[in-house]
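In my numbering, the protein residues as written are 1 to 66.
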């Protein structure tokens, strides 16, 4: 294939890719954005309440007095 025909073919493919717009699956997009899916396990039983008693950045009583 000559260079002119090859370039024309590449131009045609590039134009098709540029202007191609596939159908959008809005229900799949909604599922992805919400994050919850039907088969996902429930991890809420392993989440502990944060009581802030073991916070490494909280000043001690001595630091508060200083």
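The beta-carbon is built from N, C-alpha and C at its ideal position, and this holds for glycine as well.
On a predicted model such as this, the values are computed, not experimentally measured, just so you know.
DSSP three-state call for residue 35: helix, strand or coil? coil
Note down the Cα distance separating residue 3 from residue 9, rounded to an integer number of angstroms. 10 Å
Alpha carbon to alpha carbon, what distance is there between residue 35 and residue 29? 10 Å
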